[in-house]
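Numbering (the numbering used here), first residue to last: 537 to 935.
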């Protein structure tokens, strides 16, 4: 059971070495106001003019209009009496809080360039490199990184970046001005060349989906726009190393749309040592906890019945801002190991036993089941709420 509703406000959740450690050093976050900021979801089929008419009955200010699957506007400075009026309008389906997701990260270890290519311990631990000699390379899997963007000029990433979308400022590119998204992208698909690192699915195509700003914070409405862009682009896997303790209906609807469109969704479970946060807590998403080099689940890795798998997430070396590399820890780093494993599995012919619907192709349910069935058990035999079904193993999944 992966449904759990939290009334708490948003937690820090780019899910790297976040505020859950004493003495953490964080970038000063760009101030994002949530005062009266709402997502107003209209009844289906309304035109822009009809939506404008509804808003015209109040004095609310529109920050942006969501033009994709969600028929909604983002409003700011909504006063209680205006909110009541909107909720009473039959043309309004509901009003959600547009919460903010923050990244409060301790200083990275390093941030320097590297020379000869190394195989990161996490890639080795999930046995991704054992799949490469036999993997299908004819049709690269499309993987979206919903994050702070990706460093477009990085020598270990640029060749694999095929497109991008900036949900915060659509007129700009999706270059990473924080570093977190680039780190995640490198774990998934850093290029197999003579320098730096190599990703789990190094032949995958990367799509940079920027929903968080330079300080690692962003509005939930931008995350939703990013998910819907991934659907429109027919991506096959999306990684979300971000989260909130708030269960927002509009976010869950976006996650459901992606699953129904055939996307494998992977997300970081959280770094507070407590309950799994959203979107990882949704049943349509593969929730991933973090392990160290001794295969022990990190004490700060979130846990609970929503957890699906564990993967390396402590002292992970990967690509970073500009052309640099650094070491980070968190469930943010664990999640892309599983996203990479999913990409490798998607490029492997489905076996008869796994093909539940008999169509000869992998679907998200079948991918998730296979990854769970072939994971290396950790802790108590079978499923447990600390490590899920166990440590993801890309090689075993593809056999």
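For every residue, glycine included, the Cβ atom is placed at its ideal position computed from N, Cα and C.
Check                                                                                                                                                                                   : Outcome
Just how far apart, CA to CA, sit residue 904 and residue 935?                                                                                                                          : 15 angstroms
Going by Cα to Cα distance, which pick from 652, 677, 622 is closest to residue 770?                                                                                                    : 677
Is the region 871-879 touching the region 783-799 in the sense that three or more CB pairs, one from each, lie closer than 8 angstroms?                                                 : no
Would you mind reading off the limits of the beta strand (DSSP E) that contains residue 776?                                                                                            : 773-776
Who are the Cβ neighbours of residue 713 in its own chain at under 6 angstroms, not counting the five residues just before and after it?                                                : 750
Between which two residues does the beta strand (DSSP E) harbouring residue 791 extend?                                                                                                 : No beta strand (DSSP E) holds residue 791; the alpha helix (DSSP H) holding it covers 785-796.
How many Å lie between residue 764 and residue 654 at the Cα?                                                                                                                           : 35 angstroms
According to DSSP, is residue 902 part of a helix, a strand, or is it coil?                                                                                                             : helix
Taking the beta strand (DSSP E) that residue 910 belongs to, which residues open and close that run?                                                                                    : Careful: residue 910 lies outside any beta strand (DSSP E) and carries neither H nor E.
Evaluate contact between the region 770-781 and the region 677-687, counting only Cβ atoms and requiring at least three cross-stretch pairs below 8 angstroms.                          : yes
Count the other C-beta atoms from every protein chain shown that fall within 10 angstroms of the C-beta of residue 593, then say buried if there are 16 or more, exposed otherwise.     : exposed
In angstroms, rounded to a whole number, what distance separates the CA positions of residue 693 and residue 918?                                                                       : 37 angstroms
For the beta strand (DSSP E) containing residue 839, name the first residue and the last one.                                                                                           : Unbroken run through residue 839: none, as it is neither H nor E.
Within the same chain, show all residues whose beta-carbon is closer than 7 angstroms to that of residue 564, passing over the 5 residues directly before and after it, in chain order. : With a pLDDT of 45 at residue 564, under the threshold of 50, the predicted position of this residue should be treated as unreliable, and no value is reported.
Would you kindly report the start and end of the unbroken alpha helix (DSSP H) that includes residue 584?                                                                               : 584-592
Does DSSP put residue 616 in a helix, in a strand, or in coil?                                                                                                                          : helix
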